[in-house]
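Student:
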Amino acid sequence: MSLRAYIITRVLLAIPMVLVLVTVVFVIMRVMPGDPVRVMLRPGAPQEYVDEIRHALELDKPLFINLRGSSAVVTQSGATLRERPSHEEEEVPLDSPLAEEDVVQLSDRRTNEEGEWLRLYTAEGEDGWAPVEWFSIRINPLDSQYFDFIFALARLDFGESISPVRGRPVSTDLKAKFPKTLELSIAGMAIALLIGVFGGAFSAQNRGSPGDYGIRLYGIIIYAIPVFWLGLMLQLFFGIYLGWLPVQGMIGTGLMPEPITGMPVVDSILRAQPASLISALRHLALPSITLGLYISGAFIRLTRANMLQMLRQDFITAARARGIKENVVVYRHALKNAFIPILTMMGLQFAILLAGAVLTETTFNWEGLGRFLVRRIESRDYPSIQSTIVLFAMLVTAVSLIVDIIYARLDPRIRY
Amino acid sequence: MTERPRTIIPGLGNFVGWFARGAKWYGAEWYITCAGGVILFIVIAVTILAPYIAPYDPTNFVGDPFIPPNSQFLMGTDKLGRDVFSRVVYGSQTIMMVAIFSALMSSLVGIPIGLLSGFVGGKLDRVLSLVMDSIYSFPGLILAIAMAAMLGPGVVNISIAIAVIYIPTYFRMVRGQVLSAKEELYVEAARSLGASAATILRMYVFPNVIPSVVVVFSLNISDAILTEAGLSFIGLGIPAPTPDWGFDVNAGRPYLPGGRWWLITFPGIMIAIVALGFSLLGEGLNEILNPRLREA
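Here the protein sequences come in this chain order: A and B.
If you're matching positions, the first sequence starts at 41 in my numbering and goes up one per residue.
If you're matching positions, the second sequence starts at 549 in my numbering and goes up one per residue.
1) CB-CB under 6 Å to B:E843, same chain, minus the five flanking residues each way: which ones, in chain order?
2) In chain order, what are the residue ranges of uninterrupted beta strand (DSSP E) at least 3 long that sit wholly in the segment 249 to 300 of chain A?
3) Just how far apart, CA to CA, sit B:K730 and B:M721?
4) Inspect the beta-carbon positions of A:A112 and A:L146 and report whether they are closer than 7 Å.
5) Give a yes or no on whether the C-beta atoms belonging to A:W174 and A:R159 are separated by under 7 Å.
6) Please work out which residues of its chain come closer than 8 Å, Cβ to Cβ, to A:I235, disregarding the five sequence neighbours upstream and downstream, and give them in chain order.
7) Taking only beta carbons into account, state which residues of the segment 326 to 340 of chain A come closer than 7 Å to chain B, listed in chain order.
8) Tell me whether A:S117 sits in a helix, a strand or coil according to DSSP, three-state version.
9) Using beta carbons (cut-off 7 Å, strictly below), is A:A45 in contact with chain B?
10) Return the chain-ordered list of same chain residues with a C-beta closer than 7 Å to the C-beta of A:R322, the five sequence neighbours on each side being excluded.
11) According to DSSP, which residues form a beta bridge with A:F175?
12) Here's the rule: buried if 16 or more other CB atoms are within 10 angstroms of the residue's CB, otherwise exposed. What is B:N562?
13) Which residue or residues does DSSP assign as beta-bridge partners of A:N152?
14) Among B:W578, B:G666 and B:A692, whose alpha-carbon lies nearest the alpha-carbon of B:L829?
15) Counting only the same chain and skipping the five closest in sequence on each side, list residues whose C-beta sits under 6 Å from that of A:V436.
16) DSSP three-state label for B:A844, please.
17) Could you check what DSSP says for A:G168 in three-state terms: helix, strand or coil?
18) Measure the alpha-carbon distance for A:D197 versus A:F104 and round it to whole angstroms.
19) Is the beta carbon of B:I713 sitting closer than 7 Å to the one on B:G688?
20) Does the CB of A:V77 have a neighbour CB from chain B at under 7 Å?
21) In chain order, what residues of the same chain lie with their CB nearer than 6 Å to the CB of B:G666, ignoring the 5 residues before and after it?
22) For B:I706, is the classification buried or exposed, using 16 other Cβ atoms within 10 angstroms of its Cβ as the cut-off for buried?
23) Give a yes or no on whether the C-beta atoms belonging to B:I819 and A:P266 are separated by under 7 Å.
24) Along the alpha helix (DSSP H) that carries A:A236, what are the first and last residues, could you check?
25) Counting only beta-carbon atoms, is A:V369 nearer than 7 Å to chain B?
26) B:R808 to A:S110, Cα distance in whole Å?
27) Can you give me the C-alpha to C-alpha distance between A:T49 and B:S677, rounded to a whole angstrom?
28) Starting from the C-beta of A:P304, find all residues in its chain whose C-beta is less than 6 Å away, skip the five residues before and the five after it, and write them out in chain order.
29) Could you pull out every residue in the same chain whose Cβ sits closer than 7 Å to the Cβ of A:M434, ignoring the five residues on either side in sequence?
30) Using a Cβ-Cβ cut-off of 7 Å, state whether B:S665 counts as contacting chain A.
31) Quick one: using the 10 Å Cβ neighbour count with 16 as the cut-off for buried, is A:H127 buried or exposed?
32) Measuring CB atoms only, is the segment 347 to 357 of chain A touching the segment 396 to 411 of chain A, in the sense that at least three cross pairs come out at less than 8 Å?
33) Could you tell me which residues DSSP pairs with A:R122 in its beta bridges?
34) For B:L591 and chain A, any beta-carbon pair shorter than 7 Å?
35) Could you tell me whether the Cβ atoms of A:G408 and A:T221 are closer together than 7 Å?
In structure tokens, the structure reads:
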């Protein structure tokens with residue numbers, strides 16, 4: 041099929057994938073055992089706080105489908121609210137009495153021996169229980185947590201933080217932190233490619249030599265080393281013992297250029313500030329080397345396997361027969377053709393890169409999305425935890441989409 | 549009858565012969581598998597014999613804090629004066645428990661779903677594949693972080709959080725095997741003889757699945773170890789004072805600029821060694837059980 045048709049099909053396929061991922065995140069954050077509100081508050085918090093926050097976060101709505109009703113219209117004047125669903129309970133004092141035609145929000149519905157009761161929130165924010173007979177209920181099945189979540193994401197509304205700063209839109213933080221993670225990821229991927237591709241090519245070229253075995257051994261071992269420990273060891277060696285490179289942060293104090301893209305290195309170049317550029321590069325060195333080493337293992341193996349196959353091809357023998365130097369044969373002719381699977385691997389490794397970035401950013405205090413996620417977990421800010429993970433899901437889907445399309449552009453055999 | 553040659557260690561000759569035959573038959577991968585096996589043997593021995601190997605109680609202070617490694621404290625003491633060596637030895641129990649528990653859970657859930665989905669096919673298969681592929685493509689650590697944050701600390705909760713990440717791996721692998729086994733002639737023959745679906749699954753499909761499952765299981769444990777260490781490093785793992793390698797690495801971080809390297813180096817290197825052992829074993833078993841065509 042044509043490239044355009046493939047692109048359209050592939051983009052359409054991405055939508056259910058994002059939906060599934062986002063639903064999985066939703067299920068984890070809200071459906072699984074573990075009360076998000078209690079996660080946020082310290083254990084032993086009074087029930088009123090729990091209820092208030094639960095209502096503010098709209099976590100008292102039904103999860104998936106709202107057949108219970110979302111709002112109610114008062115049909116009988118003189119309606120009173122009670123603390124608990126019973127006629128003997130205390131009345132809740134109201135600023136202004138409920139009149140007919142008033143609309144109140146519904147948050148719970150319960151049936152006991154005295155009949156069916158509704159839990160209501162008035163416009164002024166008071167809440168209490170009242171019998172169902174005094175109201176006429178409006179039902180909107182899509183007024184549930186799940187659909188609110190999905191529709192908000194479709195509007196790219198990522199919610200508001202609760203702590204440390206209440207009411208701060210999460211998207212502000214996400215927009216600020218994303219370029220930092222992007223810079224680290226690009227640098228890390230570049231280093232991984234350098235190590236992986238040239239290591240793998242060298243390994244294939246000198247097959248059976250000690251260098252080959254050494255590189256293969258490295259490829260196996262680097263998988264097992266925890267990335268945060270690797271970062272810490274590099275910190276120890278290059279930062280503390282040798283003192284060559286800084287071990288924390290993205291740039292020296294006071295040197296951060298005014299953001300254009302948000303990435304310290306790029307902004308330093310765009311603003312022509314050499315001192316900032318040098319500082320940014322020095323701070324980028326250790327984290328990106330850590331991340332790059334972590335990812336390189338897969339690239340080494342893949343490149344080596346592909347190169348071994350490629351070097352057996354006829355056109356390589358022909359090139360050698362024409363007298364082309366061996367290095368040129370390997371590193372230009374063979375490598376260029378082995379590149380396409382490497383591209384696919386870059387897409388696959390992106391997920392691992394993100395996971396590694398979370399740990400690396402924590403190790404080096406690099407203020408990107410990963411560090412943000414960890415910080416918000418520590419302060420138990422439920423909305424930003426959820427939104428950051430959703431953003432990760434969208435990034436992963438977007439990258440896999442882009443890689444597939446580039447792959448189809450380069451290799452027309454792939455389109456189905 | 550000729551005399552049997554006298555042996556110093558009985559059975560050693562048989563063992564050496566077995567080792568040499570393996571090396572000759574399987575080539576370089578044999579050494580990898582055996583290296584993995586040796587590492588694992590030592591690690592499992594340490595895990596089981598921890599109370600006898602560790603000289604001190606890992607949760608109580610036994611000396612001054614921040615003593616560098618010396619003859620009394622083989623790996624030094626941490627900030628509370630606890631012996632790092634004992635913590636490392638007991639930490640192997642924690643991490644092995646979590647890793648094996650979560651791998652068992654993953655396989656027990658992933659394999660039956662994979663079998664069912666591959667065998668039944670149709671819409672169920674398409675839906676399940678979509679869900680599993682989506683989870684598979686997502687960074688596992690981040691999913692584990694989400695679940696651990698919601699479930700809270702504790703061995704069981706962390707194991708569940710880690711287990712969910714690897715279910716798609718088992719699912720995909722088993723489903724692939726089932727799809728290819730379904731086409732085999734002997735399955736068709738069994739079906740025409742009236743064998744029920746359960747019988748076909750049990751007798752013909754499942755035995756094909758087992759070799760790959762063993763490999764994935766070993767690699768799964770290796771990954772689970774690293775994921776658990778990552779979770780503990782962030783602070784979402786097993787709470788103190790249970791000795792946990794990832795937790796110790798995180799706890800030792802502030803003291804690194806002061807040159808106190810032993811708080812971090814030893815737990816971290818143990819994580820690497822154990823993960824390496826399982827992954828060597830898994831890779832080697834993969835070569836043995838699913839031999840690739842030899843490179844020309």
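Here a beta-carbon is modelled for each residue, glycine too, at the ideal position from N, C-alpha and C.
Since the model is a prediction, treat every value here as computed from it, not as a measurement.
Tutor: To lay it out plainly:
1) The residue you call residue 843 of chain B lines up with position 295 of the second sequence. With a pLDDT of only 48 at B:E843, under the threshold of 50, the placement of this residue in the model should not be trusted, and no figure is reported.
2) Runs of the beta strand (DSSP E) inside the segment 249 to 300 of chain A: none found.
3) For the purposes of this step, residue 730 of chain B is taken as the residue at position 182 of the second sequence. For the purposes of this step, residue 721 of chain B is taken as the residue at position 173 of the second sequence. Their backbone Cα atoms lie some 14 Å apart in a straight line.
4) For the purposes of this step, residue 112 of chain A is identified with residue 72 of the first sequence, where counting begins at 1. For the purposes of this step, residue 146 of chain A is identified with residue 106 of the first sequence, where counting begins at 1. Cβ atoms of A:A112 and A:L146: closer than 7 Å.
5) Here residue 174 of chain A refers to the residue found at position 134 of the first sequence. Here residue 159 of chain A refers to the residue found at position 119 of the first sequence. At the C-beta level, A:W174 and A:R159 stay beyond 7 Å of one another.
6) Taking the first sequence and counting its residues from 1, the one referred to as residue 235 of chain A is at position 195. Once the five neighbours on either side are set aside, the close Cβ partners of A:I235 are G332, L333, S336, F339 and I340.
7) Against chain B - using a Cβ distance shorter than 7 Å - the segment 326 to 340 of chain A contributes no residues.
8) Your numbering for residue 117 of chain A matches position 77 in the first sequence. In the structure shown, A:S117 adopts coil according to DSSP, grouped into three states.
9) Numbered from 1 along the first sequence, position 5 holds the residue referred to as residue 45 of chain A. No, A:A45 lies away from the interface with chain B (no Cβ there is under 7 Å from its Cβ).
10) Within the first sequence, residue 322 of chain A is the residue found at index 282, counting from 1. L285 and P286.
11) Locating residue 175 of chain A in the first sequence gives position 135, where the first residue counts as 1. Answer is A:V114.
12) Indexing the second sequence from 1 puts residue 562 of chain B at position 14. Around the beta carbon of B:N562, fewer than 16 other beta carbons sit within 10 angstroms, so the residue counts as exposed.
13) As a position in the first sequence, residue 152 of chain A is number 112, starting the count at 1. Answer is A:G155.
14) Taking the second sequence and counting its residues from 1, the one referred to as residue 829 of chain B is at position 281. Measuring from the Cα of B:L829, the nearest candidate turns out to be B:W578.
15) As a first step, residue 436 of chain A must be located in the first sequence, where it is residue number 396. Excluding residues within five positions, the ones whose Cβ falls inside 6 Å are A391.
16) Indexing the second sequence from 1 puts residue 844 of chain B at position 296. At B:A844 the pLDDT is 39, less than 50, meaning the model places this residue with poor confidence; the figure from the coordinates comes in the next sentence. Under the three-state reduction of DSSP, B:A844 is assigned to coil, being neither helix nor strand.
17) Against the first sequence, residue 168 of chain A aligns to sequence position 128. DSSP places A:G168 within a strand segment (E or B) once states are collapsed to three.
18) In the first sequence, the residue the question calls residue 197 of chain A occupies position 157. In the first sequence, the residue the question calls residue 104 of chain A occupies position 64. Near 19 Å, if we compare the C-alpha coordinates of A:F104 and A:D197.
19) Taking the first residue of the second sequence as 1, we reach residue 713 of chain B at position 165. Taking the first residue of the second sequence as 1, we reach residue 688 of chain B at position 140. Yes.
20) Here residue 77 of chain A refers to the residue found at position 37 of the first sequence. Not an interface residue.
21) Translated into positions along the second sequence, residue 666 of chain B becomes position 118. Same-chain partners within the cutoff: R723, V726 and L727.
22) The residue labelled residue 706 of chain B in the question sits at position 158 within the second sequence. Buried is the call here.
23) Along the second sequence, one-based indexing puts residue 819 of chain B at 271. Along the first sequence, one-based indexing puts residue 266 of chain A at 226. Contact: yes.
24) Mapped onto the first sequence, residue 236 of chain A falls at position 196. The sequence as given places Gly at residue 236 of chain A; Ala does not occur at that position. Start and end: V210 to Q245.
25) Within the first sequence, the letter at position 329 stands for residue 369 of chain A. Not closer than 7 Å to any Cβ of chain B, the Cβ of A:V369 fails to qualify, so no.
26) Here residue 808 of chain B corresponds to residue number 260 of the second sequence, with the count starting at 1. Here residue 110 of chain A corresponds to residue number 70 of the first sequence, with the count starting at 1. Distance between the alpha carbons of B:R808 and A:S110: 59 Å.
27) Mapped onto the first sequence, residue 49 of chain A falls at position 9. Mapped onto the second sequence, residue 677 of chain B falls at position 129. Straight-line Cα distance between these residues: approximately 18 Å.
28) Position 264 of the first sequence, counted from the first residue, corresponds to residue 304 of chain A. So the list reads M290, I291 and A320, once near-sequence residues are dropped.
29) The residue given as residue 434 of chain A occupies position 394 in the first sequence. Around A:M434: V58.
30) Reading the second sequence from its first residue, position 117 is the one you call residue 665 of chain B. Not one chain A Cβ lies under 7 Å of B:S665.
31) Mapped onto the first sequence, residue 127 of chain A falls at position 87. The residue is exposed, with fewer than 16 neighbouring Cβ atoms inside 10 Å.
32) As far as the Cβ criterion goes, the segment 347 to 357 of chain A does not touch the segment 396 to 411 of chain A, which means the pair count is below three.
33) Counting from 1 along the first sequence, the entry for residue 122 of chain A is found at position 82. Paired residues: A:E131 and A:W169.
34) By 1-based counting over the second sequence, the position of residue 591 of chain B is 43. The identity of residue 591 of chain B in the sequence shown is Val, whereas the question assumes Leu. So no, B:V591 is outside the interface.
35) For this step, residue 408 of chain A is matched to residue 368 along the first sequence. For this step, residue 221 of chain A is matched to residue 181 along the first sequence. Contact flag set, yes.
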